[in-house]
Structure formats: structure tokens, C-alpha cells
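One structure is given below, encoded as C-alpha cells.
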Amino acid sequence: MSAQPVVQVEDLDVYYGTSQILFGVGLAVRQGETMALLGRNGAGKSTTMKAIMGLAPARRGTVTLQGKVVSGLKPHHIARAGLGFVPEDRQIFPEHTVEDNLVIGTKKGPNGEDEWPIRRIYEVFPLLEPLRHRIAGRLSGGEQQMLAIARTLMGNPALLLLDEPSEGLAPIIVQRIGELLRQLRGTGATVLIAEQNMHFCLGLASHATVIDKGQIVYTSGIEELKANENIRQRYLAL
Numbered sequence: 013m014s015a016q017p018v019v020q021v022e023d024l025d026v027y028y029g030t031s032q033i034l035f036g037v038g039l040a041v042r043q044g045e046t047m048a049l050l051g052r053n054g055a056g057k058s059t060t061m062k063a064i065m066g067l068a069p070a071r072r073g074t075v076t077l078q079g080k081v082v083s084g085l086k087p088h089h090i091a092r093a094g095l096g097f098v099p100e101d102r103q104i105f106p107e108h109t110v111e112d113n114l115v116i117g118t119k120k121g122p123n124g125e126d127e128w129p130i131r132r133i134y135e136v137f138p139l140l141e142p143l144r145h146r147i148a149g150r151l152s153g154g155e156q157q158m159l160a161i162a163r164t165l166m167g168n169p170a171l172l173l174l175d176e177p178s179e180g181l182a183p184i185i186v187q188r189i190g191e192l193l194r195q196l197r198g199t200g201a202t203v204l205i206a207e208q209n210m211h212f213c214l215g216l217a218s219h220a221t222v223i224d225k226g227q228i229v230y231t232s233g234i235e236e237l238k239a240n241e242n243i244r245q246r247y248l249a250l
């Protein structure tokens with residue numbers, strides 16, 4: 013295990029107007045981990061992701077990426093430092109082809125890494141290759157989600173942030189996205205997933221952090237969470 017986390021979040025306080033949403037949030041994701049940030053709707057998951065990405069500025073606390081403090085930077089500077097963000101609404105370019113979307117996302121990593129050339133993307137996302145000339149706006153919701161993840165990987169991020177990747181998708185598509193993320197974990201990618209769907213994450217994450225009412229209430233390996241019925245019932249049961 014790496015001594016230094018890829019991302020370290022410490023004591024984040026975030027407000028929307030005068031309303032405080034996050035209260036001293038802290039978490040760490042290390043190299044090769046897939047961390048699930050779990051919580052009910054409105055618990056603060058998406059705000060945490062946006063705060064890490066610089067889209068919801070924190071009044072207090074720090075975000076450190078690969079040893080460099082990035083809190084307070086503009087989102088595009090944080091992206092250049094090695095953070096890849098797939099928002100809940102995906103934000104693909106609907107008038108462009110699948111391959112154009114991938115090419116648009118291409119950039120080297122913060123230290124010149126090029127671990128995700130388009131050839132490897134098509135190996136990990138085989139469903140996208142036969143669709144490469146299709147207009148992205150004509151893809152299904154699941155295909156668009158795969159494209160959004162693949163496009164973000166084309167930027168060679170040190171950490172991939174996924175905000176509610178199963179949201180609004182049919183169960184069979186959710187299963188397919190889960191299989192894809194398990195395969196992605198096998199590549200050694202470092203991933204932080206914000207999810208309300210605990211069962212979606214149990215089979216693909218290595219670690220879990222639970223957030224409730226804007227505060228971190230539990231952190232463990234995924235197997236410990238599976239065994240802790242009290243935490244699951246108290247904070248994650250719908």
C-alpha cells in the first residue's frame with residue numbers, strides 16, 4: 013500500500029449560500045483502490061465530489077492530489093493536475109461521434125503519462141468500438157455512460173471520480189456498467205465512486221466510506237462493510 017494517498021481530503025466545510033452542506037469531510041484514496049462513497053440521497057456525496065473537483069469551493073479544509081494541494085484552484089487546473097471527473101449528467105458532446113468524443117478528451121497525464129491510448133480504450137470498452145462512428149446523442153443511456161467514462165480516461169487521470177454512475181439506468185445496464193468498473197479496477201486504475209446504490213458497489217469497490225448529513229460516519233474495507241449490518245441498516249437502507 014502506498015504511504016501517500018493519490019487524493020487526501022481533510023476537514024472540508026462546504027456551503028451553498030448560508031446553508032452548510034459538508035461538515036469536516038475527510039477521506040483518502042490510495043493507488044489502485046476503488047473507493048465507494050456511499051450515502052442516501054441528499055447525504056452530501058455529489059457535493060463532496062464537486063468540492064474535490066473545485067466546482068463547490070470549500071470554506072475550510074484541503075484537497076491534496078499526489079502530494080500537491082489543489083483546493084482553491086480552478087477546476088480546469090485541478091483536471092490538469094490529474095483529476096478526471098464524470099458528472100451525473102455525463103456531459104458528452106451529443107452532436108459529435110463516439111470517436112470524436114474520445115479524441116476531444118485526449119491529453120497526457122500530469123507527468124506525461126499516456127496509459128490510455130484509444131486502442132486500449134477499445135480493449136477495455138469493447139462495446140464502444142463498433143459504435144465509434146455513431147453520433148453520441150443517439151446512444152443509449154448506458155452507452156453514453158460508458159463513453160463518458162472512456163473519454164475521461166483518455167485524459168490519463170491519476171484519479172477517476174464517478175458521480176452516481178448507475179443513476180437512471182435500467183438494471184441490466186447497471187450490471188453491465190458494474191462489470192466494466194470491475195474490469196477497470198483490474199487495470200490498476202484509482203477510482204472514487206459516489207453512489208446511493210450500495211449493492212452496485214459491493215461487488216466492485218475495494219473500500220467504502222459512508223456519508224450521512226454531510227459528515228463521514230464510517231470508513232472500512234468493502235468486506236468489513238458487508239459484514240456490518242448495523243452501519244448498512246442505519247445509513248444506507250432505503
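Each residue of the sequence shown is one higher than the one before, counting from 13 in the working numbering.
Every residue gets a Cβ at the ideal spot worked out from N, C-alpha and C, and that includes glycine.
V82, DSSP secondary structure in three states: If you number the sequence shown from 1, residue 82 lands on position 70. DSSP places V82 in coil when its eight states are reduced to three.
Rounded to whole angstroms, what is the Cα-Cα separation between M13 and V41? Position 1 of the sequence shown holds residue 13. Position 29 of the sequence shown holds residue 41. The predicted position of M13 is uncertain, since its pLDDT is 47 and thus under 50; a value taken from the coordinates is nonetheless stated next. If you draw a straight line from the Cα of M13 to the Cα of V41, it comes to about 11 angstroms.
C-beta atoms of M61 and L173 nearer than 7 angstroms: Along the sequence shown, read from residue 1 onward, the residue named residue 61 stands at position 49. Along the sequence shown, read from residue 1 onward, the residue named residue 173 stands at position 161. When the beta-carbon positions are compared, M61 and L173 come within less than 7 angstroms of each other.
Inter-residue CB distance, G224 and S58 (contact presumed, cutoff 8 angstroms): As a first step, residue 224 is located in the sequence shown; it is residue number 212 there, counting from the start. As a first step, residue 58 is located in the sequence shown; it is residue number 46 there, counting from the start. Sequence inspection shows Asp at residue 224; the Gly mentioned does not correspond to that position. About 14 angstroms separates the two Cβ atoms, so there is no contact after all.
Residues that Q32 bridges to, as DSSP identifies them: For the purposes of this step, residue 32 is identified with residue 20 of the sequence shown, where counting begins at 1. Q32 pairs with Y27.
Tell me whether P129 is buried or exposed, calling it buried when 16 or more other Cβ atoms sit within 10 Å of its Cβ. Start at 1 with the first residue of the sequence shown, and residue 129 comes out as number 117. Answer is exposed; the Cβ neighbour count stays below 16.
Helix, strand or coil at G198 according to DSSP, with G and I counted as helix: For the purposes of this step, residue 198 is taken as the residue at position 186 of the sequence shown. In the three-state reduction of the DSSP assignment, G198 falls in the helix class.
Using a Cβ-Cβ cut-off of 7 angstroms (strictly less than) and excluding sequence neighbours within five positions of E179, which residues of its own chain qualify? Reading the sequence shown from its first residue, position 167 is the one you call residue 179. Excluding residues up to 5 positions away in sequence, E100 lie with their Cβ nearer than 7 angstroms to the Cβ of E179 in the same chain.
Can you round the beta-carbon distance between I234 and H219 to whole angstroms, since I take them to be within the 8 angstroms contact cut? Position 222 of the sequence shown, counted from the first residue, corresponds to residue 234. Position 207 of the sequence shown, counted from the first residue, corresponds to residue 219. Between the beta-carbon of I234 and that of H219 there is about 6 angstroms, and that keeps the pair under the 8 angstroms contact cut.
Which class does H219 belong to by DSSP, given the choice of helix, strand or coil? As a working mapping, residue 219 is identified with position 207 in the sequence shown. For H219, the three-state secondary structure derived from DSSP is strand.
Kindly identify the DSSP beta-bridge partner or partners of T74. As a first step, residue 74 must be located in the sequence shown, where it is residue number 62. Residue pairing of T74 in beta bridges, as defined by DSSP: E22.
Of all the CB atoms in chain D, is at least one closer than 7 angstroms to the CB of G153? Of the protein chains in this structure there is only one, and it is not chain D.
With distances taken from CA atoms, which of H145, Q208, A63 and G200 is nearest Q43? Taking the first residue of the sequence shown as position 1, residue 43 is located at position 31. Of H145, Q208, A63 and G200, the smallest CA-CA separation from Q43 is found for G200.
Would you mind sorting M65 into buried or exposed? The rule is 16 or more other CB atoms within 10 Å of its CB. The residue you call residue 65 lines up with position 53 of the sequence shown. That one is buried.
Pull up the distance between the alpha-carbon of L24 and that of G56, whole angstroms please. Taking the sequence shown and counting its residues from 1, the one referred to as residue 24 is at position 12. Taking the sequence shown and counting its residues from 1, the one referred to as residue 56 is at position 44. In this structure, the CA atom of L24 is about 12 angstroms from the CA atom of G56.
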